[in-house]
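Counting with the numbering used here, you get residues 7 to 265 for the letters of the sequence shown.
Beta carbons are placed, not taken as given, at the ideal position from N, Cα and C, and that holds for glycine.
Scroll down for the structure; my scribbles are underneath it.
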Amino acid sequence: MGSERITKDFLSSILEEPIEEINLDENIVLRREYLKGKMGVVDVLAKINEKEYCHIEMQVGENNHIKERLLYYWSRRYAKTIKESEEYQALKRTISILITDFEVKGLEDLRMHSKWKIIEENGGKHVLTNDLELHIIELPKVKKMQETKENSKLLKWLKFLENPESEEVEIYMKENVNMKEARTKLEGISEDKRLQRIAELREKAILDEKEAKYTGYMNGLEEGRKSIEQIVRRMKKANFSIDTIKEMTGLTEEEIEKI
7 MGSERITKDF
17 LSSILEEPIE
27 EINLDENIVL
37 RREYLKGKMG
47 VVDVLAKINE
57 KEYCHIEMQV
67 GENNHIKERL
77 LYYWSRRYAK
87 TIKESEEYQA
97 LKRTISILIT
107 DFEVKGLEDL
117 RMHSKWKIIE
127 ENGGKHVLTN
137 DLELHIIELP
147 KVKKMQETKE
157 NSKLLKWLKF
167 LENPESEEVE
177 IYMKENVNMK
187 EARTKLEGIS
197 EDKRLQRIAE
207 LREKAILDEK
217 EAKYTGYMNG
227 LEEGRKSIEQ
237 IVRRMKKANF
247 SIDTIKEMTG
257 LTEEEIEKI
């Protein structure tokens with residue numbers, strides 16, 4: 007129940023709406039990684055109020071196609087909310103939350119947290135559907151924000167993500183038991199969950215590589231290659247067998263040895 011409580015607290019600070027009930031997908035991963043020695047990361051898929059789906063993802067490292075990628079993963083999740091035999095009205099509201107450690111190109115003038123829907127262009131008041139909802143949170147902008155009554159709770163959680171071991175976060179944890187428990191969980195990931203995450207990272211790396219080949223953007227190809235190499239290095243460090251690494255990454259033994 008601890009993970010559900012933590013996620014509920016974090017999501018409510020972003021969505022700013024009541025969450026009565028929350029269920030976490032079996033493949034939930036609450037994990038910890040580092041960027042320049044300080045980045046805490048959360049990657050969660052949740053079902054809220056028994057009828058809506060929400061995916062939270064941290065993107066580490068700038069991606070030229072981050073907006074398209076966000077919409078693509080939202081569409082995949084949205085399509086899974088309906089069964090083949092069901093009518094379209096069975097589709098469920100799907101929320102994607104992207105948290106980046108860089109400022110997204112084209113959003114420089116917006117606040118750290120921007121919310122997106124399909125809105126009629128001329129009037130700008132009519133929403134086509136509430137089923138689509140995207141949130142983009144840019145961590146570099148957190149440092150530019152001053153805490154206010156409206157955004158104080160979200161800011162504290164974002165500072166936790168930026169550096170869960172900072173002195174500032176230590177103070178926040180005295181007031182928020184969910185944040186304290188979140189840090190404990192980040193320090194105790196099971197091996198099974200690590201393997202699940204490796205498989206997920208591999209899938210995303212392959213998609214990034216395919217995108218690069220299709221569009222001709224070599225930086226995307228390089229990102230996919232680096233992601234695969236990063237996975238292999240982590241598995242080697244964790245003393246995984248060569249056979250396991252081959253199975254999880256699709257690389258040959260010779261390619262693995264070169265990394």
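Can you tell which of the options has the C-alpha that lies nearest to the C-alpha of residue i?
i              : options                           : result
isoleucine 251 : Val238, Lys243 and Glu260         : Val238
serine 102     : Ser120, Leu116, Ser19 and Glu139  : Glu139
isoleucine 143 : Glu109, Asn169, Asp137 and Glu127 : Glu109
leucine 116    : Glu168, Ser18 and Val148          : Val148
alanine 52     : Arg83, Glu74, Glu176 and Asn136   : Arg83
leucine 30     : Asn55, Ile177 and Gly67           : Asn55
valine 66      : Leu167, Thr258 and Ile248         : Leu167
asparagine 169 : Thr135, Ala188 and Glu181         : Ala188
isoleucine 72  : Asp249, Lys111 and Phe246         : Lys111
Go ahead and pull the three-state DSSP assignment for residue i.
i              : result
lysine 121     : strand
glutamate 173  : helix
valine 133     : strand
leucine 97     : coil
isoleucine 54  : strand
leucine 145    : helix
threonine 87   : coil
asparagine 29  : strand
isoleucine 103 : strand
glutamate 139  : strand
isoleucine 265 : coil
glutamate 10   : helix
Residue i to residue j, Cα distance in whole Å?
i              : j              : result
isoleucine 105 : isoleucine 20  : 11 angstroms
lysine 89      : arginine 99    : 15 angstroms
isoleucine 62  : glutamate 26   : 18 angstroms
leucine 145    : lysine 131     : 29 angstroms
asparagine 4   : leucine 76     : Past the boundaries of the shown model lies residue 4; the chain is included only from 7 to 265, so the question cannot be answered.
glutamate 127  : lysine 243     : 52 angstroms
glutamate 58   : isoleucine 28  : 10 angstroms
valine 133     : tyrosine 94    : 18 angstroms
tryptophan 122 : methionine 241 : 37 angstroms
serine 233     : isoleucine 125 : 36 angstroms
threonine 13   : leucine 161    : 15 angstroms
histidine 141  : lysine 86      : 20 angstroms
Using a Cβ-Cβ cut-off of 6 angstroms (strictly less than) and excluding sequence neighbours within five positions of residue i, which residues of its own chain qualify?
i            : result
aspartate 15 : Asn184
Under 8 angstroms Cβ to Cβ from residue i, same chain only, skipping five residues before and after it: list those, please.
i              : result
isoleucine 137 : The question names isoleucine, but residue 137 in the sequence shown is aspartate. So the qualifying residues of the chain are Tyr84, Leu97, Lys98, Arg99 and Thr100.
lysine 165     : Val148, Ser172, Glu174, Val175 and Tyr178
threonine 258  : Lys252
leucine 113    : Ser120, Ile142 and Glu144
Once you ignore the five residues that flank residue i on each side, which residues in its own chain have a CB closer than 7 angstroms to its CB?
i           : result
glycine 43  : Its pLDDT being 39, under 50, glycine 43 is placed unreliably in this model, and the coordinates cannot settle the point.
arginine 11 : Asn184
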